[in-house]
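Using the numbering used here, the first residue of the sequence shown is number 23, and each one after it goes up by one.
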Amino acid sequence: MLTFKQTIPNLKFQKAVKKPIPIKCIQIDEPFVVETLEGTMKGNKGDWLMVGVSGEMYPCDKEIFKKTYNLVK
Numbered sequence: 023m024l025t026f027k028q029t030i031p032n033l034k035f036q037k038a039v040k041k042p043i044p045i046k047c048i049q050i051d052e053p054f055v056v057e058t059l060e061g062t063m064k065g066n067k068g069d070w071l072m073v074g075v076s077g078e079m080y081p082c083d084k085e086i087f088k089k090t091y092n093l094v095k
């Protein structure tokens, strides 16, 4: 079994771009808790509650959201 730690291994990585699949999301103005597929997760004030393509819910840190998502009108 391979084990990867914090250092990126010297492998031939390929580049990939996430498919532009719209999902539901809402920014929450207070700390929250949500049951995810990986168990209970906490979101902080200003984080986003996301609903994935299969209806799964999960929190997304507000800074990660800003870097990886654009809101659709």
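Ideal Cβ placement from N, Cα and C applies to all residues, glycine included.
Worksheet entry | Option nearest W70 by Cα separation, candidates I50, E78, G77, K46 | With respect to the C-alpha of W70, the residue from I50, E78, G77, K46 having the closest C-alpha is I50.
Worksheet item: How long is the line joining the alpha carbons of N66 and D83, rounded to whole angstroms?
Response: Between N66 and D83, the C-alpha separation is close to 8 Å.
Item to complete: Taking only the alpha-carbon atoms, compute the straight-line gap between K34 and N92 and give it to the nearest angstrom.
Response: Straight across, the Cα-Cα distance linking K34 with N92 is about 30 Å.
Worksheet item: From which residue to which residue does the beta strand (DSSP E) around T29 run?
Response: Here T29 belongs to no beta strand (DSSP E), and DSSP marks it neither H nor E.
Worksheet item: Going by C-alpha distance, which of K88, M23, L59 is nearest G77?
Response: Taking only the C-alpha atoms, the option nearest G77 is L59.
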